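Going by the numbering used here, the sequence shown opens with residue 660, and the numbers climb by one from there. Glycine included, each C-beta is placed from N, C-alpha and C at the ideal position. Note that the coordinates shown come from a computational prediction; the quantities given were computed from them, not determined experimentally.
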Amino acid sequence: MIVGVPRETVSGEKRVALVPDLVPRIAKAGVEVVIEPGAGEAAGFANASYTDQGARLDPDVLAKADVMLKVQPPSLAETERLKPGAVLIGFLQPFTGGVTIGALAARGVTAFAVELMPRITRAQSMDALSAMSTVAGYKAVVLAAGLLPRFFPLLMTAAGTVSPARVFVIGAGVAGLQAIATARRLGAVVEAYDTRPAVREQVESLGARFVELVLDAGDAQDAGGYARAQSEDFYRQQQILMQRSVAAADVVISTALVPGRRAPVLISEEMLRAMRHGSVVVDLAAEQGGNCAVTVPGEDVVRHGVTVVGRTDLPASMSFHASQMYARTVTNFLLHLLKDGALHLDRADALTRDPLVTHGGAIVNELVQSAT
């Protein structure tokens, strides 16, 4: 069996799905690892670093691999080159990539979308989405610090005392908690809000103040550990109640996402008008439309003196460590599927069933079926 890793072709994508150190671990499971030449170069991994670990280079890996490890969804051209019946593991954007998903099914590809991995204890080492959210949460704060025309920490200098920056984090999931921790390391005063009161302890353990809003979010989390969508009225009330915290912040990091849905708009243009000139909003939900009303996915815009960052490539911008983290989760998942050098698909197991999108020529994931 051949496990293949191609070069990523999406513009700006610098990550690679497998790093050299993990090649022996996969090979030990009784498979051959084949890398497309140059696949890891943008992330800092030369061809020789793979061959030194026992991998083989082959420019036609897409057509030859039985199992394909990727970061981004394949293009239609790449899909057509996949071996019929091959297995694909990677981010597939299953709720928005209908054409790609349909093409994978038609090709007979067994495709696993790593972003659908359930958030349960057994799956933690395979949770690629959380790994990349960690990267995004960190980079969001570093990016904001570079754009903000203020210091982050309290400084007492001969020229006088400089007050610390104020950071408000919306959403205390993996990205939000990492953003809180990073902002605190840089010396900012941090507040955070989440619809789930249960995360208050985690927020406070990182040195931030948890903002309480009098809102009934009901069951704000689904069985898979992801946020549930709320009503439009709920989001309107949330905007009103968050206005004071947003207006007082020098930096707002927003992370609110609902799988399969457009990101809720939590920061209105009116709220931006109330922020200080030079403030920064980093919208980590930009790829799904954004939590800010003026977010432009993939771009930075300035409205009412506030810079709104809508970049969708933050993990790719830290390609070395992001690749290491992503590769570990994907390798753990692959080894979960391998038994005695062959793939074993136990669809009674949530770790296999939930990320499985296409199999046997059909879309088999119920959530994806309902979205297409």
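Worksheet item: What is the DSSP secondary structure of THR668, reduced to helix, strand or coil?
Response: Residue numbering aside, residue 668 sits at position 9 when the sequence shown is read from its first letter. Secondary structure of THR668 (DSSP, three-state): coil.
Worksheet item: Secondary structure at MET791, three-state DSSP: helix, strand or coil?
Response: The residue labelled residue 791 in the question sits at position 132 within the sequence shown. Correct three-state label for MET791: helix.
Item to complete: Determine the contact status of ALA851 and ALA840, defining contact as a CB-CB distance below 7 Å.
Response: Position 192 of the sequence shown, counted from the start, is the residue given in the question as residue 851. Position 181 of the sequence shown, counted from the start, is the residue given in the question as residue 840. Contact: no.
Worksheet entry | Distance, VAL862 Cα to GLY846 Cα | Position 187 of the sequence shown, counting from 1, holds the residue named residue 846. Position 203 of the sequence shown, counting from 1, holds the residue named residue 862. The C-alpha of GLY846 lies about 16 Å from the C-alpha of VAL862.
Worksheet item: What are the partner residues of ARG715, as DSSP defines its beta bridges?
Response: Counted from its first residue, the sequence shown places residue 715 at position 56. Within the DSSP bridge table, the entry for ARG715 names VAL693 as partners.
Item to complete: Mind the definition here: the region 697-710 touches the region 1005-1015 only if three or more C-beta pairs lie below 8 Å; say whether that holds.
Response: Counting C-beta pairs closer than 8 Å gives fewer than three between the region 697-710 and the region 1005-1015, which falls short of the contact rule.
Item to complete: Could you tell me which of SER864, PHE869, GLY689 and GLU929 sits nearest to ARG895, measuring between CA atoms?
Response: The residue labelled residue 895 in the question sits at position 236 within the sequence shown. When each option's Cα is compared against that of ARG895, the closest is GLU929.
Discussion item. Using DSSP's beta-bridge definition, name the partner residues of ASP942.
Written reply: If you number the sequence shown from 1, residue 942 lands on position 283. According to DSSP, ASP942 bridges with SER913.
Worksheet item: With DSSP run on the structure shown, which of helix, strand or coil describes LEU892?
Response: Here residue 892 corresponds to residue number 233 of the sequence shown, with the count starting at 1. The sequence given here places Asp at residue 892; Leu does not occur at that position. In the three-state scheme derived from DSSP, where H, G and I count as helix and E and B as strand, ASP892 is classed as helix.
Worksheet item: How many Å lie between VAL955 and ALA944 at the Cα?
Response: Position 296 of the sequence shown, counted from the first residue, corresponds to residue 955. Position 285 of the sequence shown, counted from the first residue, corresponds to residue 944. Those two C-alpha atoms are separated by around 11 Å.
Discussion item. Please classify HIS1003 as buried or exposed, where buried requires at least 16 other C-beta atoms within 10 Å of its C-beta.
Written reply: Stepping through the sequence shown from its first residue, residue 1003 is reached at position 344. Using a 10 angstroms sphere on the CB of HIS1003, the tally of other CB atoms stays under 16, which defines it as exposed.
Discussion item. Per DSSP, what are the beta-bridge partners of THR1017 in this structure?
Written reply: For the purposes of this step, residue 1017 is identified with residue 358 of the sequence shown, where counting begins at 1. Paired residues: ALA770 and ILE1022.
Practice prompt. Pick out whichever of VAL968, ASN1024, VAL924 and ALA803 has its Cα sitting closest to the Cα of ASP892.
Written response: Sequence index remark: in the sequence shown, residue 892 carries index 233 (1-based). ASP892 has its Cα closest to that of VAL924, out of VAL968, ASN1024, VAL924 and ALA803.
Fill in: ARG778 - DSSP class collapsed to helix/strand/coil
Reading the sequence shown from its first residue, position 119 is the one you call residue 778. In the structure shown, ARG778 falls within a coil segment according to DSSP collapsed to helix, strand and coil.
Item to complete: For ALA722, count neighbouring Cβ atoms within 10 angstroms of its own Cβ and tell me buried if that reaches 16, exposed if not.
Response: For the purposes of this step, residue 722 is identified with residue 63 of the sequence shown, where counting begins at 1. It counts as exposed.
Discussion item. Here's a check: name, in chain order, each residue in its chain whose Cβ is nearer than 7 Å to the Cβ of GLY948, leaving out the five neighbours to either side.
Written reply: Within the sequence shown, numbered from 1, the residue matching residue 948 stands at position 289. Answer for GLY948: ARG921 and ALA922, listed in chain order.
Discussion item. Can you list, in chain order, the residues of its chain with a C-beta nearer than 8 Å to that of GLU946? Leave out the 5 residues immediately preceding and following it.
Written reply: Residue 946 sits at position 287 when you count from the first residue of the sequence shown. The beta carbon of GLU946 sits closer than 8 Å to those of PRO956 and THR971, all from its chain and outside the five residues before and after it, given in chain order.
Discussion item. According to DSSP, simplified to helix, strand and coil, what is ALA1009?
Written reply: As a position in the sequence shown, residue 1009 is number 350, starting the count at 1. Of the three classes helix, strand and coil, the one that applies to ALA1009 here is helix, per DSSP.
Worksheet entry | Contiguous alpha helix (DSSP H) assignments of at least 4 residues, all confined to the region 800-873 | You should have 833-844 and 859-864.
Worksheet item: Does DSSP put ASP632 in a helix, in a strand, or in coil?
Response: Coverage of the chain is limited to positions 660 through 1031, which leaves residue 632 absent and any answer about it impossible.
Practice prompt. May I ask you to report which of helix, strand or coil DSSP gives MET660?
Written response: Against the sequence shown, residue 660 aligns to sequence position 1. In this structure, DSSP gives MET660 a state outside helix and strand, which the three-state scheme calls coil.
Worksheet item: What does a CB cutoff of less than 7 Å around GLN1028 pick up in its chain, not counting 5 residues either side in sequence?
Response: Here residue 1028 corresponds to residue number 369 of the sequence shown, with the count starting at 1. Excluding residues up to 5 positions away in sequence, ILE1022 lie with their Cβ nearer than 7 Å to the Cβ of GLN1028 in the same chain.
Discussion item. Helix, strand or coil for ARG740? Go by DSSP, reduced to three states.
Written reply: Your numbering for residue 740 matches position 81 in the sequence shown. The answer is helix: DSSP assigns ARG740 an H, G or I state.
Discussion item. Closer than 8 Å is the cut-off here; do at least three beta carbon pairs connect the region 982-990 with the region 660-676?
Written reply: Yes, the region 982-990 is in contact with the region 660-676.
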